[in-house]
Amino acid sequence: MAPIMYVCICNAINCKTVRRTVEDGASSIASVFKACGKTPQCGRCFTTIREMVGETKAANCDAHITPAIAAE
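First residue of the sequence shown? That's 1227 in the numbering used here, and the numbers climb one at a time after it.
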């Protein structure tokens, strides 16, 4: 199990919360904050949240791809 780390210190948002909000439909930094009921403060977390949104969306997209079966 990966350790839980704070992504946004100002609002006490951790990586587990960011992943959950993206899985629930958040697709941007603003939508992550909105889903958490928070307002961005200093902005130092923006790069990390942006990367996590992209990684989580990509992982979810890969999970929904079914391999094609070649015709015989």
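Heads up, the beta-carbon is just placed ideally off N, CA and C, and yes, glycines get one too.
Beta-carbon gap between residue i and residue j smaller than 9 Å
| i | j | result |
| --- | --- | --- |
| Arg1245 | Thr1282 | yes |
| Thr1238 | Val1279 | The question names Thr, but residue 1238 is Ala in the sequence shown. Result no, Cβ atoms of Ala1238 and Val1279 do not sit closer than 9 Å. |
Residue range of the beta strand (DSSP E) that includes residue i
| i | result |
| --- | --- |
| Cys1234 | Tyr1232 to Cys1234 |
Boundaries (first-last residue) of the alpha helix (DSSP H) holding residue i
| i | result |
| --- | --- |
| Arg1246 | Cys1241 to Glu1249 |
| Ser1257 | Ile1255 to Cys1262 |
Cα-Cα separation between residue i and residue j, rounded to whole angstroms
| i | j | result |
| --- | --- | --- |
| Cys1271 | Ala1228 | 19 Å |
| Gln1267 | Glu1277 | 18 Å |
| Ala1284 | Lys1264 | 25 Å |
| Val1248 | Val1258 | 7 Å |
| Cys1241 | Ile1275 | 8 Å |
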